[in-house]
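Enquirer: First the structure, then my questions, so here it is.
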Amino acid sequence: MKYSWLDQYCLNKKGAEKDFQVEWNATRYMIRGKMFALQGCNKENKPIITVKLDPMYGDFLRRQYKDIVPGYYMNKTHWNSLSLDGDVPDDVVKDMLDKSHELIFNSLSKKVQKEISNG
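Here numbering that gives the first Met the number 0 is used: the first residue of the sequence shown is 0, the next is one more, and so on.
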């Protein structure tokens, strides 16, 4: 896999936890049970990671990079899948992960955000 730093990068996010979904053969990265990234394979068995992004930003990235497509098996407006064998620069992938984590973190109650930030 090209992005060998990906797992540790996701786990270093505030409140991040992961689990493995056997039935999906995929690893979920979550904050308090809300997923911000899903790493697995697409129907061609190619490794991908799927993240939630603002729809306009996701659309922008899809137009910039052939290796970013609408979310595989997810809502195509909000979720975007990135080929882990692709040519998207590391800084763009990190930005996608940062933005996805931020969207999910900000969707949590202020109380939970505070618990995570102070924890």
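A virtual CB, placed ideally from N, CA and C, is assigned to each residue, including glycine.
Distance, Cα to Cα, V68 vs R61?
Expert: As a working note, residue 68 is residue 69 in the sequence shown. As a working note, residue 61 is residue 62 in the sequence shown. C-alpha separation (whole angstroms): 6 angstroms.
Enquirer: Run the CB neighbour count on K42, radius 10 Å, all protein chains shown included, and call it buried at 16 or more, exposed below.
Expert: For the purposes of this step, residue 42 is taken as the residue at position 43 of the sequence shown. K42 comes out exposed.
Enquirer: Going straight from the alpha carbon of S108 to that of D58, what length do you get?
Expert: For the purposes of this step, residue 108 is taken as residue 109 along the sequence shown, with counting starting at 1. For the purposes of this step, residue 58 is taken as residue 59 along the sequence shown, with counting starting at 1. Looking at the two C-alpha atoms, the distance is approximately 28 angstroms.
Enquirer: Tell me, to the nearest whole angstrom, how far the beta carbon of K17 is from that of F35; I am working on the premise that it is less than 8 angstroms.
Expert: Indexing the sequence shown from 1 puts residue 17 at position 18. Indexing the sequence shown from 1 puts residue 35 at position 36. Their Cβ separation, rounded to whole angstroms, is 10 angstroms, which puts K17 and F35 out of contact at 8 angstroms.
Enquirer: Helix, strand or coil for K113, going by three-state DSSP, please let me know.
Expert: Locating residue 113 in the sequence shown gives position 114, where the first residue counts as 1. DSSP places K113 in helix when its eight states are reduced to three.
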